[in-house]
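Reading the sequence shown from the start, the letters are residues 17 to 257 in my numbering.
Using N, Cα and C, we set each Cβ at its ideal position, and we do this for glycine too.
See below for the structure under consideration.
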Amino acid sequence: MGGVEMGRTSLKISVEPWWGMTMKWMLIWLLVMGSVGMACAQPATRSFRYDLALDVDAQGHVVRVTLPDGVPAPFVSSLKEAANRWSFKAPIRDGVPVTARTYARVRLVLVPKDKDHYGMRIDFLSNGPSLAFTRNPGYPSEMMRDRTEGTVTMAAVVQPDGRVTDIRLLDARLSQHNVTRTKHATAVFARAAEEAMQSMTAKPEWVDGKPVATAIVLPVSFSLNGTSDGSASASGSVVGR
17 MGGVEMGRTS LKISVEPWWG MTMKWMLIWL LVMGSVGMAC AQPATRSFRY
67 DLALDVDAQG HVVRVTLPDG VPAPFVSSLK EAANRWSFKA PIRDGVPVTA
117 RTYARVRLVL VPKDKDHYGM RIDFLSNGPS LAFTRNPGYP SEMMRDRTEG
167 TVTMAAVVQP DGRVTDIRLL DARLSQHNVT RTKHATAVFA RAAEEAMQSM
217 TAKPEWVDGK PVATAIVLPV SFSLNGTSDG SASASGSVVG R
């Protein structure tokens, strides 16, 4: 598959096929594990998202997996086992493959097998810098009154020091069909997304032992959820470009 460009460095890191599977950049990789005992009155699929810090050697092998704090103990070994099986295309510097650190976004899904047990699968979503909102995007009151919903896709750069800069609008898909109103709504939603992104916390990717700048893309969805009080959330995965 095509590599993920690490920002302004022209370095690339990409997931290579494993076990002969075809992995696109928005790869869904399923690892079917044994069941996890868990009592539940009403069995339902449950999902959890995590950013895993991956240290990759010059051959593209994952040599270290660091999990975020708070991962439940039954998930730890499964997440590490999955990540250790991935292989990456190592970045090139001066014609030579070098080491890297990236962050893999994964979704761990618990699928009910019966009322007391769940099967587990792990979906690989993307890799890039680690990002988190310190506050969620606020739903603009004007758009709430107009019952306008939609998604704005924002671009930005995660700097080596962790700052998120160069925030700009890439695309928008809104429920408004009036051209003039759509342009206005796009600007309002983009401003709300930008304000939230300015306070994001970020962990940059590393190449050859040094942090690097990475260009990212982030879709931010605004949905009223069928109510009058509106909500906004970041949807999709933050990815290097």
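Worksheet item: How many angstroms separate the CA atom of W102 from the CA atom of V79?
Response: To locate residue 102, count along the sequence shown from 1; it is residue 86. To locate residue 79, count along the sequence shown from 1; it is residue 63. So the alpha carbons of these two residues sit roughly 10 Å apart.
Worksheet item: Span of the beta strand (DSSP E) holding V72?
Response: Against the sequence shown, residue 72 aligns to sequence position 56. Segment 62-72, the beta strand (DSSP E) holding V72.
Worksheet item: Helix, strand or coil: which one does DSSP assign to F91?
Response: In the sequence shown, residue 91 corresponds to position 75, counting from 1. If DSSP states are grouped into helix, strand and coil, F91 belongs with the helices.
Worksheet item: Cβ of A116 within 8 Å of Cβ of F140?
Response: In the sequence shown, residue 116 corresponds to position 100, counting from 1. In the sequence shown, residue 140 corresponds to position 124, counting from 1. For A116 and F140, no; Cβs fall outside 8 Å.
Worksheet item: Could you check where the beta strand (DSSP E) with R101 kicks off and where it finishes?
Response: By one-based count along the sequence shown, residue 101 stands at place 85. From DSSP, R101 is part of no beta strand (DSSP E); its letter is neither H nor E.
Worksheet item: Does the distance from the C-beta atom of T169 to that of P235 stay below 8 Å?
Response: To locate residue 169, count along the sequence shown from 1; it is residue 153. To locate residue 235, count along the sequence shown from 1; it is residue 219. A contact, by the Cβ cut-off of 8 Å.
Item to complete: Tell me, to the nearest whole angstrom, how far the beta carbon of S204 is from that of E165; I am working on the premise that it is less than 8 Å.
Response: Position 188 of the sequence shown, counted from the first residue, corresponds to residue 204. Position 149 of the sequence shown, counted from the first residue, corresponds to residue 165. Going by the sequence as given, residue 204 is Val instead of Ser. In fact, because the Cβ distance is near 12 Å, the residues do not count as touching under 8 Å.
Worksheet entry | beta strand (DSSP E) runs contained entirely in the region 158-222, provided each spans 3 or more residues | 166-174, 180-190, 217-219
Discussion item. For A209, which residues in the same chain have their Cβ closer than 7 Å to its Cβ, ignoring the five residues on either side in sequence?
Written reply: What you label residue 209 is simply residue 193 of the sequence shown in a count that begins at 1. Excluding positions up to five away in sequence, the list reads P153, V168, M170, V236.
Fill in: As assigned by DSSP and simplified to three states, the class of K96
For the purposes of this step, residue 96 is taken as residue 80 along the sequence shown, with counting starting at 1. Here K96 sits in helix by DSSP.
Worksheet item: Near M216, which residues of its chain fall below 7 Å by C-beta distance, leaving aside the five closest residues on each side in sequence?
Response: Looking up residue 216 in the sequence shown gives position 200. Excluding positions up to five away in sequence, the list reads L147, A148, F149, T150, V180.
Worksheet item: Roughly how far, in whole angstroms, is the beta-carbon of A201 from the beta-carbon of L190, given that I think they are within contact range, below 8 Å?
Response: Start at 1 with the first residue of the sequence shown, and residue 201 comes out as number 185. Start at 1 with the first residue of the sequence shown, and residue 190 comes out as number 174. Sure, about 5 Å apart at Cβ, within 8 Å.
Fill in: Cβ neighbours of Q192 in the same chain (closer than 8 Å, five flanking residues each side left out)
Here residue 192 refers to the residue found at position 176 when the sequence shown is read from its first residue. Counting only Cβ-Cβ distances below 8 Å, and skipping sequence neighbours, we find D162, T164, G166, T198, A201.
Discussion item. Less than 8 Å between the beta carbons of G178 and P220, yes or no?
Written reply: By 1-based counting over the sequence shown, the position of residue 178 is 162. By 1-based counting over the sequence shown, the position of residue 220 is 204. Cβ atoms of G178 and P220: closer than 8 Å.
Worksheet item: So which of D67, L185, N241 has the shortest CA-CA distance to N143?
Response: In the sequence shown, residue 143 corresponds to position 127, counting from 1. Of the listed residues, the one whose Cα sits closest to N143 is D67.
Discussion item. What does the Cβ neighbour count give for L46, buried or exposed, with the cut at 16 atoms within 10 Å?
Written reply: Position 30 of the sequence shown, counted from the start, is the residue given in the question as residue 46. Only weak support is given to the placement of L46: the predicted model assigns it a pLDDT of 34, under 50, and the value that follows is read from those uncertain coordinates. Label assigned to L46: exposed.
Discussion item. Alpha carbons only, please: which of M136, A99, V233 is nearest the one belonging to A188?
Written reply: Here residue 188 is taken as the residue at index 172 of the sequence shown, counted from 1. The shortest Cα separation from A188 among M136, A99, V233 belongs to V233.
Worksheet item: Starting from R80 and walking both ways along the beta strand (DSSP E), at which residues does that stretch end?
Response: Numbered from 1 along the sequence shown, position 64 holds the residue referred to as residue 80. Its beta strand (DSSP E) spans residues 78-82.
Item to complete: Using the DSSP secondary-structure output, state which residues sit across from N143 in a beta bridge.
Response: If you number the sequence shown from 1, residue 143 lands on position 127. DSSP, once it has assigned bridges, lists A120 as partnering N143.
Worksheet item: With respect to the beta strand (DSSP E) encompassing V236, which residues constitute its N-terminal and C-terminal limits?
Response: Looking up residue 236 in the sequence shown gives position 220. Taken as a continuous stretch (DSSP letters only), the beta strand (DSSP E) holding V236 covers 230-239.
Item to complete: Report all residues from its chain with a CB closer than 6 Å to the CB of V52; omit the five preceding and five following residues, and keep chain order.
Response: Taking the sequence shown and counting its residues from 1, one reaches residue 52 at position 36. Residue placement at V52 is poorly supported in this model, since its pLDDT is 42, which falls under 50; the coordinates are not used for a value here.
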